[in-house]
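Engineer:
Protein chains: 2
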Amino acid sequence: MKLSIKTDYACRAIAWMAQHYDEDQTVHVQALAAAQGIPENYLVQILTVLRSAGFVKSKRGKDGGYCLTRPPGKICFGDVVRAVQGHVLDIPSLGDPNCPEGMKEVWRKIKHSAEQIADSVTFEDLVSASEQGGGMFYI
Amino acid sequence: MKLSIKTDYACRAIAWMAQHYDEDQTVHVQALAAAQGIPENYLVQILTVLRSAGFVKSKRGKDGGYCLTRPPGKICFGDVVRAVQGHVLDIPSLGDPNCPEGMKEVWRKIKHSAEQIADSVTFEDLVSASEQGGGMFYI
DNA sequence: ACGAATCTTTAGTAAATCACTCAGGATGGT
DNA sequence: ACCATCCTGAGTGATTTACTAAAGATTCGT
Chain A
1 MKLSIKTDYA
11 CRAIAWMAQH
21 YDEDQTVHVQ
31 ALAAAQGIPE
41 NYLVQILTVL
51 RSAGFVKSKR
61 GKDGGYCLTR
71 PPGKICFGDV
81 VRAVQGHVLD
91 IPSLGDPNCP
101 EGMKEVWRKI
111 KHSAEQIADS
121 VTFEDLVSAS
131 EQGGGMFYI
Chain B
1001 MKLSIKTDYA
1011 CRAIAWMAQH
1021 YDEDQTVHVQ
1031 ALAAAQGIPE
1041 NYLVQILTVL
1051 RSAGFVKSKR
1061 GKDGGYCLTR
1071 PPGKICFGDV
1081 VRAVQGHVLD
1091 IPSLGDPNCP
1101 EGMKEVWRKI
1111 KHSAEQIADS
1121 VTFEDLVSAS
1131 EQGGGMFYI
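Chains as they are written, first to last, in the working numbering: chain A, 1 to 139; chain B, 1001 to 1139.
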């Protein structure tokens, strides 16, 4: 079970826009790509996904760019991850009748726990964590 | 983040051998494959991994087969998953200096939680759960 | 209206991974 | 010797990943 870099990029993109949310400016793809170390052409595709999922809106033309559609406190990790890769954790055998019920319960428990953590952290939490420069969980 | 069917097969194989552990018999690949709905030739490869990881031992020749090297209570989910796929959750961006620290902490927390659950369940737990025919967690 | 800067969309692609399949060899009991 | 079983390594079609590229649409300043 491996986190795809695409999902990570998506979260980084949202995180960056969350940090610049109060300035009420659009962010250029190029700037975002450079700031987060993401290949520009790849980021474009990711932003398209994030736009159709409703997290960001875009403006074309000169002085165009991207910005969040709602405050960072209203977007959680889980939402973004699900928009990019469907599930936080995808456990195909949960739908397999050959898989013993006891095992399914273990997978389900792991899946549920991952989802709960991802859903409990918003991008506002990330912004405040980075402003304090310190841990947001193990204070 | 998707669970590979290979890992699932590996756990099913161990689970099946755990259920037949007290009989102190070897299990044939063919029987195991049929019982758990796993392609036989694929299962062979998985058992090889499990053997070199020390979970099972094999016997060749007529009346050969596989059995666990230790009681099911001494083998946990996490062990088997790590033997097959390296990590319970693999988060490559934890090693990426471009990934913001706050995000790493979220991934780390999810990873840690998944590992802890996987490490807290043994295959003996699975056997007793299936004997009772009921839930092992949400009693 | 023009041109530059930006986003939009679609297509392509090399590499890796997944989930097998197969063939031939080694081993051990009878 | 024979046969049932495990052992090993090679091969493979399909899918996914992580990009790259190119041609088009939109907006703004002038």
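In this text, a Cβ means the ideal position worked out from N, Cα and C, and glycines have one as well.
None of these values were measured; they are calculated from a predicted model.
For the stretch 1055 to 1108 of chain B, which segments carrying the alpha helix (DSSP H) assignment without a break, of at least 4 residues, lie completely within its bounds, in sequence order?
Structural biologist: 1077 to 1085
Engineer: Could you tell me the alpha carbon to alpha carbon distance between B/L1003 and B/V1106, rounded to whole angstroms?
Structural biologist: As a first step, residue 1003 of chain B is located in the second sequence; it is residue number 3 there, counting from the start. As a first step, residue 1106 of chain B is located in the second sequence; it is residue number 106 there, counting from the start. Cα to Cα, B/L1003 sits roughly 20 Å from B/V1106.
Engineer: Looking at B/L1126 and A/M103, is the spacing between their C-beta atoms short of 8 Å?
Structural biologist: Residue numbering aside, residue 103 of chain A sits at position 103 when the first sequence is read from its first letter. Residue numbering aside, residue 1126 of chain B sits at position 126 when the second sequence is read from its first letter. The answer is yes: Cβ separation under 8 Å.
Engineer: Which residue wins for smallest C-alpha separation from B/A1033, given the options B/R1060, B/R1051, B/G1054 and B/G1065?
Structural biologist: Reading the second sequence from its first residue, position 33 is the one you call residue 1033 of chain B. Selected option, being the one with the closest Cα: B/G1065.
Engineer: In the structure shown, what three-state DSSP assignment does A/V27 receive?
Structural biologist: The count along the first sequence starts at 1 and reaches residue 27 of chain A at position 27. Three-state DSSP puts A/V27 in a strand.
Engineer: Just the chain A side, please: which residues come within less than 9 Å of B/M1001 by C-beta, in chain order?
Structural biologist: Within the second sequence, residue 1001 of chain B is the residue found at index 1, counting from 1. Correct list: M1, K2, L3, S4, T7, V81, Q85, H87, V88, L89, D90 and A114.
Engineer: Could you name the residues of chain B that A/M103 contacts, counting a contact when the two beta carbons are closer than 9 Å?
Structural biologist: Within the first sequence, the letter at position 103 stands for residue 103 of chain A. What A/M103 touches in chain B: D1008, C1011, R1012, A1015, F1077 and L1126.
Engineer: Quick check on this structure: which residue in A/E131, A/A15, A/S130 and A/P97 has the alpha carbon closest to the alpha carbon of A/P71?
Structural biologist: For the purposes of this step, residue 71 of chain A is identified with residue 71 of the first sequence, where counting begins at 1. Taking only the C-alpha atoms, the option nearest A/P71 is A/A15.
Engineer: Keeping to the same chain, check which residues put their C-beta closer than 6 Å to that of B/Y1138; ignore five residues upstream and five downstream.
Structural biologist: Along the second sequence, read from residue 1 onward, the residue named residue 1138 of chain B stands at position 138. Any reading at B/Y1138 must be qualified, since the residue scores a pLDDT of 48, below 50, and its modelled position is unreliable; the value itself is stated next. None.
Engineer: What residues from chain B crowd round A/P100, counting only those whose CB sits closer than 8 Å?
Structural biologist: Taking the first sequence and counting its residues from 1, one reaches residue 100 of chain A at position 100. Residues of chain B whose Cβ lies closer than 8 Å to the Cβ of A/P100 are, in chain order, R1012, A1015, L1126 and S1130.
Engineer: Quick one, which of B/V1044, B/I1005 and B/L1068 has its alpha-carbon nearest B/G1054's?
Structural biologist: As a working mapping, residue 1054 of chain B is identified with position 54 in the second sequence. The residue with the shortest Cα to Cα distance from B/G1054 is B/L1068.
Engineer: Counting Cβ pairs closer than 8 Å, one from the stretch 1026 to 1043 of chain B and one from the stretch 113 to 131 of chain A, do we hit at least three?
Structural biologist: The answer is no - the stretch 113 to 131 of chain A does not touch the stretch 1026 to 1043 of chain B, with fewer than three Cβ pairs under 8 Å.
Engineer: Within 8 Å (strictly less), CB to CB, does B/K1109 reach chain A?
Structural biologist: Within the second sequence, numbered from 1, the residue matching residue 1109 of chain B stands at position 109. At a cut-off of 8 Å, the C-beta of B/K1109 has a neighbouring C-beta in chain A.
Engineer: Counting only beta-carbon atoms, is A/G54 nearer than 8 Å to chain B?
Structural biologist: As a first step, residue 54 of chain A is located in the first sequence; it is residue number 54 there, counting from the start. Taking Cβ atoms only, chain B never reaches closer than 8 Å to A/G54, which makes this a no.
Engineer: For B/S1093 and A/D8, which I take to be in contact (beta-carbon distance under 8 Å), what is that distance rounded to the nearest angstrom?
Structural biologist: As a first step, residue 1093 of chain B must be located in the second sequence, where it is residue number 93. As a first step, residue 8 of chain A must be located in the first sequence, where it is residue number 8. B/S1093 to A/D8, Cβ: 4 Å. Contact.
Engineer: Would you check if the distance between the CB atom of B/Q1025 and the CB atom of B/E1040 is smaller than 8 Å?
Structural biologist: As a working mapping, residue 1025 of chain B is identified with position 25 in the second sequence. As a working mapping, residue 1040 of chain B is identified with position 40 in the second sequence. Between B/Q1025 and B/E1040, the CB-CB gap reaches or exceeds 8 Å.
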